[in-house]
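Chains as they are written, first to last, in the numbering used here: chain A, 212 to 358; chain B, 2 to 240; chain C, 20 to 240. For every residue, glycine included, the Cβ atom is placed at its ideal position computed from N, Cα and C.
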Amino acid sequence: MKRKHRRLMVVLTSLGLLGAAAALVLTAVEDSLVFFYTPSDLAERGTPPDTLFRLGGLVEEGSVRKEGSTTHFRVTDLNQVIPASYTGVLPDLFREGQGVVAEGTLNADGSFIAREVLAKHDETYMPKEVAEALRESGQWRDGATQQ
Amino acid sequence: MFHRFANPARFSRIAARVLPWSTAATIILFVVGLYFALFASPADYQQGDTVRIMYVHVPSAWIAMGCYTFIALMSAIALIWKHPLADIAARAAAPLGAGFTLIVLITGSLWGKPTWGTWWVWDARLTSVLVLFFLYLGHIALTNAFDNPQRGARAAAVLALVGFVNIPIIKFSVDWWNTLHQPASVTRLDAPAIDPAMLTPLLLMALAFLLYFITMLLVRMRSDLNAARARALRLSAAE
Amino acid sequence: MIGLGLLIRRELGLALRGGTDAVMAVVFFVLAAVLFPFGVGTDPAMLPRIGGGIIWVVALLAAMLSLERMFASDHEDGSLDLLYLSPVGLGTLALAKAVAHWLTTGVLLLIAAPILALLYNVPANAFGALVASMLLGTPILSLVGGIGAALTLGARRGGVLLALLILPLYIPVLIFGAGAIDGAIAGRPIAPQLMVLGGFLLAALALAPWATAAALRQAIE
């Protein structure tokens, strides 16, 4: 009987510990492991200049401007906007209205100097004709530039 | 003692009957699936023909994770009911799972370069799949690390159950954390975010991969059983 | 409870009398961390940035060094079989072994880590994060490591195998431990990282002794 009681105590303690662990991890999980920060995150807490971090968001419509090998663009999360620039070859899927994740530092004037630019694509897959039809009928808003 | 011996024997008989059919079905599905994946499906509106890597990458990922879940299930059965077939199934499945995980990592890398612009990033999805690959390698190494194969199988079973925490992490990493990897397109609560013309080849290829996995699993389990029987016969002949 | 205390005291007594394992682990910890500046250069801008991560990586390896002997000597001289038959239970034994391993290895790593951080010129505002993350993280290394030590009991090439099994399981601790230090250096809040580490510690406390006991049972039977 005593052994049975002790066993029950051990199981209950383990379950309690697990519950507390799940509560702790789930509260902190979204802030704890970020591959990139959004412009809103930056506006909220700011980042000291010259620290390396990743900025993620959409390339704002009509913001891409090329100057030689340097590309200027603006990263937005439809809430905050951060001007950015990158010197070098951009990935093929770098397009206005599409997702982008850039690693670099903030300038003193608040603009982002990217060292590396990665294109992030969403989980939607469809043929070109379908995308065009949807866009024409206005059922789908997307800024992807026509090729 | 009797059912211990009888069950593997019955399994061998059933496997022998199933194998020709599953082999034929695998070949047919691969031919049809590859035709759809490479020729009879449209290019993506953003990625162009690069999207065809998906028809190998995504099914491999499903099998890689499904295989680990299968091993964990077999391990639980082996530890609780001490069923010898469960040990054999787990041992036979682990190298297959490792192979599929390697395919996921390689095709993902080949897909990442043209779309994202990089072979590899350390985001939560990619890292957790890499951990899955190491878990498979650890499982295989532990299975073979003991002079007594029974001891190796049971130790590997404990490891498989411990490592199972990684499976939900892989699945939900794209939802919990902001990753470079995009979220799920097919396995989500609302309608799939993938056009029917591209979903068909994806599901065909997934079925082909699944049948290939089952066929190879049966072959490996049967040869494992035969090897054990040969060993037992040699031992009894020597006595 | 009494059994747990007695077992821990037995382990500590054995460690104090016989073993230099724990001291060796700390010496390895310092030595390996000191190697890095020779390899990657002593750029004063770079060392503080990579220091936190290097200290954590080397801590994982050092904690692993002394794991192999956790159950091996008890297994060889037969006391493991006696403990198995005794009323304390394998789960209690696993917990006691992990606590003793942490007291003899983890605590020493915890003391040595700030000294290494000084050598790496880690900024002063990150020391709190370093100590807090090691305080929460090193017990996880002992608890999870116990599973690996029990699994590889009696295996061929046990040492390499132990590394292959345990290091993938250590990766989350490394990510969040080093993440806390990086966050502190960059001036970000580190509470989320510490909360995740705390969660891992509680989960390891709840689950690792069971898994270790299950692995020990396979080794004894």
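How should residue i be labelled, buried or exposed, when 16 other C-beta atoms within 10 angstroms of its C-beta is the threshold for buried?
| i | result |
| --- | --- |
| Met-220(A) | exposed |
| Tyr-36(B) | exposed |
| Val-105(B) | buried |
| Asp-353(A) | Annotation note: pLDDT 49 at Asp-353(A) (below 50); position unreliable, coordinate value reported separately. Its Cβ having fewer than 16 others within 10 Å, Asp-353(A) is exposed. |
| Gln-151(B) | exposed |
| Asp-176(B) | exposed |
| Gln-357(A) | For Gln-357(A), the predicted model reports a pLDDT of 34, less than 50, meaning its position is unreliable; a value from the coordinates is still stated below. That one is exposed. |
| Val-159(B) | buried |
| His-332(A) | buried |
| Trp-123(B) | exposed |
| Phe-57(C) | exposed |
| His-140(B) | buried |
| Ser-224(B) | exposed |
| Ser-348(A) | exposed |
Measure the Cβ-Cβ separation of residue i and residue j and say whether it is below 8 Å.
| i | j | result |
| --- | --- | --- |
| Leu-128(C) | Phe-47(C) | no |
| Thr-231(C) | Ala-82(C) | no |
| Leu-138(B) | Gly-164(B) | no |
| Phe-284(A) | Gly-267(A) | no |
| Ala-117(C) | Gly-173(C) | no |
| Ala-95(B) | Met-75(B) | no |
| Leu-73(B) | Gly-98(B) | Note on identity: in this sequence residue 73(B) is Ala, with Leu being the wrong assignment. No; because the gap between Cβ atoms is not below 8 Å, this pair is not in contact. |
| Leu-86(B) | Leu-219(B) | no |
| Gly-218(C) | Leu-235(A) | yes |
| Glu-334(A) | Ala-313(A) | no |
| Gly-196(C) | Ser-152(C) | yes |
| Ala-169(C) | Ala-234(C) | yes |
| Pro-338(A) | Asp-50(B) | no |
| Leu-205(B) | Gly-34(B) | yes |
| Leu-155(C) | Leu-216(C) | yes |
| Leu-220(C) | Thr-111(C) | no |
| Ile-200(C) | Gly-60(C) | no |
| Leu-99(C) | Asp-93(C) | yes |
| Thr-298(A) | Ser-280(A) | yes |
| Trp-178(B) | Val-341(A) | no |
| Ser-296(A) | Thr-316(A) | no |
Between the alpha carbons of residue i and residue j, how many angstroms are there, rounded?
| i | j | result |
| --- | --- | --- |
| Arg-68(C) | Ala-223(C) | 30 Å |
| Thr-180(B) | Ala-154(B) | 36 Å |
| Leu-149(C) | Ala-132(C) | 8 Å |
| Cys-68(B) | Arg-92(B) | 11 Å |
| Ser-237(B) | Trp-121(C) | 49 Å |
| Asn-167(B) | Ser-13(B) | 33 Å |
| Ser-129(B) | Ile-170(B) | 7 Å |
| Leu-131(B) | Lys-114(B) | 18 Å |
| Ile-204(C) | Ala-319(A) | 19 Å |
| Leu-137(C) | Ile-159(C) | 25 Å |
| Thr-171(C) | Leu-143(B) | 7 Å |
| Ala-16(B) | Asp-242(A) | 50 Å |
| Phe-305(A) | Trp-120(B) | 16 Å |
Based on Cα-Cα distance, which residue from the options lies nearest to residue i?
| i | options | result |
| --- | --- | --- |
| Pro-184(B) | Val-59(B), Ala-99(B), Pro-9(B) and Leu-219(B) | Val-59(B) |
| Phe-134(B) | Ala-233(C), Leu-186(C), Glu-95(C) and Ser-105(C) | Leu-186(C) |
| Ala-157(B) | Gly-167(C), Arg-176(C) and Leu-25(C) | Gly-167(C) |
| Leu-208(B) | Leu-20(B), Gly-49(B) and Val-32(B) | Val-32(B) |
| Thr-123(C) | Ala-234(C), Val-42(C), Tyr-189(C) and Tyr-103(C) | Val-42(C) |
| Gly-202(C) | Leu-226(C), Phe-219(C) and Val-141(C) | Val-141(C) |
| Leu-345(A) | Tyr-46(B), Pro-21(B) and Gly-34(B) | Tyr-46(B) |
| Val-300(A) | Thr-102(B), Gly-118(B), Ile-78(B) and Ala-77(B) | Gly-118(B) |
| Tyr-139(C) | Val-192(C), Val-53(C) and Leu-154(C) | Val-53(C) |
| Ala-26(B) | Ala-62(B), Thr-201(B), Phe-210(B) and Asn-227(B) | Phe-210(B) |
| Gly-308(A) | Gly-273(A), Tyr-297(A) and Gln-291(A) | Gly-273(A) |
| Ala-254(A) | Pro-294(A), Ser-280(A), Glu-340(A) and Met-337(A) | Pro-294(A) |
| Arg-28(C) | Leu-154(C), Gly-206(C), Ala-119(C) and Asp-62(C) | Ala-119(C) |
| Glu-271(A) | Val-341(A), Glu-343(A) and Asp-288(A) | Asp-288(A) |
| His-182(B) | Ser-23(B), His-84(B) and Gly-109(B) | Gly-109(B) |
| Gln-237(C) | Arg-126(B), Asn-149(B) and Ala-194(B) | Asn-149(B) |
| Asn-145(B) | Asp-88(B), Ala-192(B), Tyr-213(B) and Thr-201(B) | Asp-88(B) |
| Val-240(A) | Ala-227(C), Ile-194(C), Val-163(C) and Pro-228(C) | Ile-194(C) |
| Ala-44(C) | Val-126(C), Val-179(C), Gly-177(C) and Arg-175(C) | Val-126(C) |
| Ala-227(C) | Ser-161(C), Pro-211(C) and Ile-209(C) | Ser-161(C) |
| Ser-23(B) | Glu-240(B), Arg-232(B), Tyr-213(B) and Ala-79(B) | Tyr-213(B) |
Round the Cβ separation of residue i and residue j to the nearest angstrom and send it over; I've been treating them as touching at under 8 Å.
| i | j | result |
| --- | --- | --- |
| Gly-310(A) | Ala-330(A) | 7 Å |
| Asn-290(A) | Ser-251(A) | 5 Å |
| Trp-112(B) | Ile-28(B) | Incorrect: roughly 26 Å between the Cβ atoms, too far for contact. |
| Leu-229(A) | Ala-225(C) | 5 Å |
| Gly-22(C) | Val-107(C) | 4 Å |
Is it the case that the CB of residue i approaches a heavy atom of the ligand SAH more closely than 7 Å?
| i | result |
| --- | --- |
| Val-179(C) | Among the components of this structure there are no ligands whatsoever, and the ligand SAH is therefore not found. |
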